[in-house]
Amino acid sequence: MMKFNKSLFCMVLTLSAQGLQAQDSEGMKLTSDGRFPMVEELCGLVIGDAFAKLTMLKRQNGSPMSEVMADALDADKTFGLSGTMREMVIDAYERPRFSTKEHRERAVADFANEWMLSCYKAQR
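Per this note's numbering, the very first residue in the sequence shown carries number 4; after that it's consecutive.
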């Protein structure tokens, strides 16, 4: 069973947030084609590969929701994520827990992809 590494997750979020801090007078600085910089890194690395996968992995492994929610609330507060991680935990725990390794792995991958898709759509 993979353990959630809170310090690693915080480091990933911090590095991603630092990349997103270049701002113009209206907030987020856009690239020449009108897109946000680091969207792929934010959506893919942070949302999908870090917290979404770990959240669903913990859910599939039977971790208590209260433990996972505590990490999510810390991340929301630390990084000003407006409840995004909290919503992710709720979403994970509303889904079924599977008994076979294959189904658990598929649930983790599907969950991460759904959250990445949602992130990319929000950046349009």
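C-beta atoms are modelled at their ideal positions from N, C-alpha and C, and glycine is treated no differently. Because the structure is a prediction, the values reported are computed rather than measured.
DSSP, reduced to helix, strand and coil, places S121 within a helical segment of the structure shown. The criterion of a C-beta distance shorter than 9 Å is satisfied by C46 and Y123. Going by C-alpha positions, R109 is about 11 Å away from Q63. Residue environment analysis places L120 among the exposed positions, since fewer than 16 neighbouring C-beta atoms fall within 10 angstroms of its C-beta. Per DSSP, reduced to three states, the secondary structure at E108 is helical. Rounded to the nearest angstrom, the gap between the Cα atoms of E90 and P99 is 16 Å. A straight line joining the alpha-carbon of E105 with that of V111 spans about 10 Å. For Q126, the three-state secondary structure derived from DSSP is coil.
One alpha carbon belongs to D113, the other to Q126, and they sit about 20 Å apart. Rounded to the nearest whole angstrom, the CA to CA distance from G83 to R107 is 30 Å.
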